[in-house]
Structures are given as C-alpha cells and as structure tokens.
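2 protein chains.
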Amino acid sequence: MLDALETPALLLDLDAMEANLEKMAAFFRGRTTALRPHYKNHKCVALARRQLAAGAIGVTCATLREAGVLADHGIPGILIANEIAGAVKIRQFLDLAQRADVTLAVDHPDVVRALAAHRSPVKLLVDVDVGLDRCGVASAGEALRLAREIIGAGLIFRGLMGYEGRIKSREACEAAMARLAGCRSLLEQNGIPVEIVSAGGSGSYKIAGQYPGITEIQAGSYVVMDTDYGAICPDFAPVLRLLATVISKTEGRRFVLDAGLKSLSGERGLPMLKDMPGARLRKLSAEHAIVDILDASAPVHVGDRIEIRVHYGDATINLHDRMYGVRRGCIEEVFAIEG
Amino acid sequence: MLDALETPALLLDLDAMEANLEKMAAFFRGRTTALRPHYKNHKCVALARRQLAAGAIGVTCATLREAGVLADHGIPGILIANEIAGAVKIRQFLDLAQRADVTLAVDHPDVVRALAAHRSPVKLLVDVDVGLDRCGVASAGEALRLAREIIGAGLIFRGLMGYEGRIKSREACEAAMARLAGCRSLLEQNGIPVEIVSAGGSGSYKIAGQYPGITEIQAGSYVVMDTDYGAICPDFAPVLRLLATVISKTEGRRFVLDAGLKSLSGERGLPMLKDMPGARLRKLSAEHAIVDILDASAPVHVGDRIEIRVHYGDATINLHDRMYGVRRGCIEEVFAIEG
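Residue numbers (the numbering used here), protein chains in the order written: chain A, 1 to 339; chain B, 1 to 339.
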C-alpha cells in the first residue's frame, strides 16, 4: 500500500503509462518507420523491455554508461545517440562494442581517427545538427566528408541521426527532417548506402515518422510523460507523481512537504500539486517544498500525504533509484532505475 | 591521475577544503559555542569525520535517512534539524533512537503526540521560525507550549533551533538570533532548562557563534564551498569542480561538454568554467553543457578536459556517488557520498 512508502517516493501511474505505450506502439504498426525509444528519460530496463515487447527495434541512449547497463541486461540494438571523446571513453566504447550490438553517433573526424586506431570495425552514425545548435555536423557536405572518413578508416557507416529538440512547430520539425533527408540524398548520390536515419521525439514522432527518408524514431519521454513536455504532447498523459508528506503547517498560511530539489527537479518550472486547487507550491529548497494555502477551508494536517505532479521527469527520475508503479491506490510493481 | 577519470567527475580541491576546515575549527577553539556541522551538503561520512577530528561536537543532518547513515557509521551526537511526520517516519525515528544518539526537531503538537504514543523517551528540539518562512513555530509562546507538551508527554526536551537561511545582512541575522534568545528566555523564566540552542550557517557563523544564548552552530557548506554561496561567504574558498570532456565542437562558435543537469545543478544559476576566460557556458541540458566561444584564439579540441566551477554544491553533490579529492592535479583520495 502507498501508506507504507517512505516519502518522498516517485510514483508511476500504470494506467497512464500503459495507455501511452500502446498509443505509440499503435502508430508504428504496419509502418516501415520503426521505433527505437530513448532510455535516457526513464533509465529503467523493465520499461525498455515493455517498449521492445510492444514492437520497438532496439533502444536509444545518451551515455556510454547507459549503453553498458543496457548491454548488461541483454538489450538488443543499442544506439548511443550522442558523442563521446577522450581516451577513457574511446576505450570503454571499444570494449562495449566487443560484447554488445551497439552503434555510436560521431560528429568529428578526430573521434573517428581515435576509434579507427584500434582496428576494430565499430558501427557509427553521423550526427547532424538540424537546428538544436548543440552537437552534430553543420552541413550535408560535412556529413559526407565524415561518412567517407568512417568508411575510409575501415569502420562501419550505418547512417545519420539528427535531434531537433522539443517541437516548436510543424514547419520547424519538417525543416529539420528536410536537412536530414538532404544529407541522406547527398550521401546516396555519392554511392554511400544509408541504412539508418534516426530522428524525432515524443512531440514530433508523427511528423518525423511519416517523413520520407526517416527510418526510425528516438521518442522516449512518452512512456514517463511529465507536465512540462506533456503540455506540448497532447497524445500522451502525464505518468509521474512524487508522493510527499506534510511535515510542518502554519495555520491558514502555508505547509511544508518533505520533498525538495534533491527529489524533484525545478529546472523547468515549479510542479503543481495533484487534486489540491486550494494550495500552490511556492518554492522548492534543497529538502522542502513550501506550499501556500490559497483556500484555508481545505483541510491539511501534519502527516498527510500529498502527490505532486512531476514537471520535469528526466531530471527528477535521475534523483531516484526506483519508481513505484501504482494503480487505483495500490503498488503493483517496483521499477528499478538502473541508468 | 585525473586523465584516467571517466567524465563527468566531481572534484574536491583538497587544499581549499583543508583551509576551510581549519578556518572554521580555529573560530571555535577556546569558545563556549560549539560546532555541529551540517551533513546535508556533502553527505560524506569521511568529511564528517574530519570535521569531528577538527573539534565538532556531533553532526547535524536534514533527513532521517541521513541520520541512519551517520548512525551506521558510528557518528556521535546526531541532530536531525528538520521535521518528520507520518506513521512510517515516526516508527523509523523511534527505531533509530534505540541504536544511536539522535535528537529530532519538532514544530507541531501532533508529531509530539505521535512520538509519545510509543512510550520511548526520545530527545527533541523545538524548531523556531526565525524568518525563513518555512518550518518552525511562529512565536516564543508557541515554543513554550510545545516544550511543555514534550515534557508533559514524558519525552526529553533539549532546547531550540532556528535556521535563518542564507545571511542577508548582519541586522537580519541578529534579529533571527534575538528571536531564538527570546524563546530561550521565556522558557527559562518558566522553569524549563534549555541545553541546546542551535543556529547559524556558513555565512553567519561568526555572528551567530558570538550571540549570547546560542550554544551551537549548524554551518556545513563551508567544507564543500560552491561559487553561489561562496559569493557571500568570503571566509571560505570554493572547493568543488566538475571535470568534463569536450565531445563536440563547431569551429570558432561553440563546443559541447559531456556534463548536463544530470551531473551539475543549474537551479541557482549557470556555473562558470575554470581558467577559460575566452569561453562561457550558455546552457545546460540534461546531458550537455553548451559553451560559447568568445575568443576563437583559445585552443579547444574534441577530447579536451575542462573543469567547471560548481555553482550549487548541495544539489550537485546529490547527483554523484563519489568526489575525487585532488591536489596539484593528482587524485589523493576518493570520498564516497553515502547520504
């Protein structure tokens, strides 16, 4: 029962999670575009397995460490959709590639040369900056040069990836997909086969998943949707809540919960309380949430348990080592967060 | 050597840490006021032991879980300077009090009654709100009523605590201390002995530590000083840095580090790079720091290692499981973060 949980505790609404899982899976049924969902959001092997059972072709991740955990659990088709550099990680990646089916993103010839120096035919994708202004090569010409460098060095070139960030508009998303498709065309015109073109998040999966030339989608947040991303992802219901306890109360003015920045991210704005219109979270400090009482007639007592809707799931899950899967007020399953 | 570390890695500057440790210890030598430093900032038993060896009389902490870790390691004189509530934590605290020397803060009669129902003479402090507008009783009269409730219930009343938050001015700090001293006087006038009056942080230790009636100081951040608190704590040098690797670079414009919100808090503002005046951190995303190159003549290469000054140590340490103690570029000691 929820009453026995030590707070703060991260809850996962099983009905909402399963509805999101099925909605995404249904989109890909009968389609040539595939889903290789991102692991970085939930960092939970049990959820990755559910995504695979629902039809995903593998798992995308953000770090070498995440890829190592996935490999340890026998997850197939691992894509590290992010760059690595430096001798320590190059060596770690080469070791991982010996024991798992793993493909790495690259955007710089120095890294290709460092990988090639070890004479092991690792699998690579070229990362293309499609507008996020973060990692990735800046042009189709650069993508071609890097693909040639990979092939020339005896490594395996599998294709392209580009992450456009959270969707701003259909036009912006289509412009990002057009840049990827343009890179693909240039490579194919130059005789380089492109097996994979990976793109798209939980806000853009429909646009990206139907865009010509895109072969797979990286969307992952959908299965642990939060209220921040949820505001622009109407297809998916919020899944995460933090259970907290009222530890202090100043009559008619405020109460304090035992949940602060060490268990709940405020990096993208303050979360809201569930089912408490008469109270509003004012501030998160390290260990506390301070809640203003707007409607003093709402009964709140020291020791009461209150649920907070998780606003930024990615950085909140990262603060916990498990999520409690709940349905109708009961814990049905405990999800370890391995990542 | 630092070169062998997997990034992102949290570094602790040993020279700066030891200087801070000694500076704080020196203040308390020969004084009747004592230091019971907070554990919540560093969550590291090895650092707590150094503080005890330097003269601290015990360790203050923020959660029952931290107190449990301290008890497991045989740390004496544990003060939980925070409220708990609810059956789960009440039971956990009573179990802990059986096996460790632990004192708990309370601010509500319901919690006193819940504790008293178990007929175990636990040790309590009354928490007084001295201006932070968070936890704590609102007045000396309330403090007196709660102390009487504790004593009447057969529990052990040890005294008072009040945390004023980060120092705003000498006047604000003295006003907070005056409220605590006023509570103490009222209790003593009513025949209630007050053994402990705990207050003061790393920014206010000198004012609080010399204020009549204050018996001990909770300051803890000083030993792992960051650049945010450091700006108002001129006595202590910044201690924490995050080591990161350049994983992507767009010539002359920007580079990207493998350190984002999952390893470095941005909750109190963006951190700065160490020894790189020609570059400025623009944005932290979940896994990346995006750095603008201001001076294109500064050489930066993919694979380079760069140190970031930790701006908000409390929420950054919380993201790691160890800190690497470094001196002159070498790792001398690895500090486990147990909390």
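Backbone N, C-alpha and C fix where the C-beta goes; we use that ideal spot for every residue, glycine too.
Where DSSP assigns a beta bridge to residue i, which residues make up the other side?
{"i": "residue 216 (chain B)", "result": "B:34, B:198"}
{"i": "residue 325 (chain B)", "result": "B:12, B:333"}
{"i": "residue 60 (chain A)", "result": "A:38, A:79"}
{"i": "residue 305 (chain B)", "result": "B:245"}
{"i": "residue 255 (chain B)", "result": "B:249, B:291"}
{"i": "residue 159 (chain A)", "result": "A:125, A:196"}
{"i": "residue 284 (chain A)", "result": "A:289"}
If you follow the beta strand (DSSP E) that residue i is part of, which residue opens it and which one closes it?
{"i": "residue 166 (chain A)", "result": "Here residue 166 (chain A) belongs to no beta strand (DSSP E), and DSSP marks it neither H nor E."}
{"i": "residue 244 (chain B)", "result": "240-250"}
{"i": "residue 127 (chain A)", "result": "123-127"}
{"i": "residue 274 (chain B)", "result": "Taken as a continuous stretch (DSSP letters only), residue 274 (chain B) belongs to no beta strand (DSSP E), as it is neither H nor E."}
Helix, strand or coil for residue i, going by three-state DSSP, please let me know.
{"i": "residue 39 (chain A)", "result": "coil"}
{"i": "residue 112 (chain B)", "result": "helix"}
{"i": "residue 333 (chain A)", "result": "strand"}
{"i": "residue 134 (chain A)", "result": "coil"}
{"i": "residue 119 (chain B)", "result": "coil"}
{"i": "residue 153 (chain B)", "result": "coil"}
{"i": "residue 175 (chain A)", "result": "helix"}
{"i": "residue 230 (chain A)", "result": "helix"}
{"i": "residue 74 (chain B)", "result": "coil"}
{"i": "residue 5 (chain B)", "result": "coil"}
{"i": "residue 224 (chain B)", "result": "helix"}
{"i": "residue 185 (chain B)", "result": "helix"}
{"i": "residue 338 (chain A)", "result": "coil"}
{"i": "residue 69 (chain A)", "result": "helix"}
{"i": "residue 140 (chain A)", "result": "helix"}
{"i": "residue 147 (chain B)", "result": "helix"}
When you compare the CB positions of residue i and residue j, do they come within less than 8 angstroms of one another, or not?
{"i": "residue 79 (chain B)", "j": "residue 198 (chain B)", "result": "yes"}
{"i": "residue 254 (chain A)", "j": "residue 290 (chain B)", "result": "no"}
{"i": "residue 226 (chain B)", "j": "residue 240 (chain B)", "result": "yes"}
{"i": "residue 249 (chain A)", "j": "residue 326 (chain A)", "result": "no"}
{"i": "residue 112 (chain A)", "j": "residue 146 (chain A)", "result": "yes"}
{"i": "residue 39 (chain B)", "j": "residue 70 (chain B)", "result": "yes"}
{"i": "residue 63 (chain A)", "j": "residue 37 (chain A)", "result": "no"}
{"i": "residue 389 (chain A)", "j": "residue 158 (chain A)", "result": "Residue numbering for chain A in the displayed model covers 1 to 339; residue 389 (chain A) lies beyond these limits and cannot be assessed."}
{"i": "residue 298 (chain A)", "j": "residue 276 (chain A)", "result": "yes"}
{"i": "residue 228 (chain A)", "j": "residue 312 (chain A)", "result": "yes"}
{"i": "residue 155 (chain A)", "j": "residue 128 (chain A)", "result": "no"}
{"i": "residue 200 (chain A)", "j": "residue 219 (chain A)", "result": "yes"}
{"i": "residue 303 (chain B)", "j": "residue 31 (chain B)", "result": "no"}
{"i": "residue 82 (chain A)", "j": "residue 223 (chain A)", "result": "no"}
{"i": "residue 217 (chain A)", "j": "residue 7 (chain A)", "result": "no"}
{"i": "residue 44 (chain A)", "j": "residue 331 (chain A)", "result": "no"}
{"i": "residue 136 (chain B)", "j": "residue 162 (chain B)", "result": "yes"}
{"i": "residue 176 (chain B)", "j": "residue 188 (chain B)", "result": "no"}
{"i": "residue 16 (chain B)", "j": "residue 212 (chain B)", "result": "no"}
Just reading off the alpha helix (DSSP H) that residue i is part of, what are its end residues?
{"i": "residue 14 (chain B)", "result": "14-28"}
{"i": "residue 206 (chain A)", "result": "205-209"}
{"i": "residue 47 (chain A)", "result": "45-53"}
{"i": "residue 103 (chain A)", "result": "From DSSP, residue 103 (chain A) is part of no alpha helix (DSSP H) but of the beta strand (DSSP E) over 102-106."}
{"i": "residue 317 (chain B)", "result": "313-317"}
{"i": "residue 266 (chain A)", "result": "Looking at the DSSP string, residue 266 (chain A) is not in any alpha helix (DSSP H), and its letter there is neither H nor E."}
{"i": "residue 93 (chain B)", "result": "87-99"}
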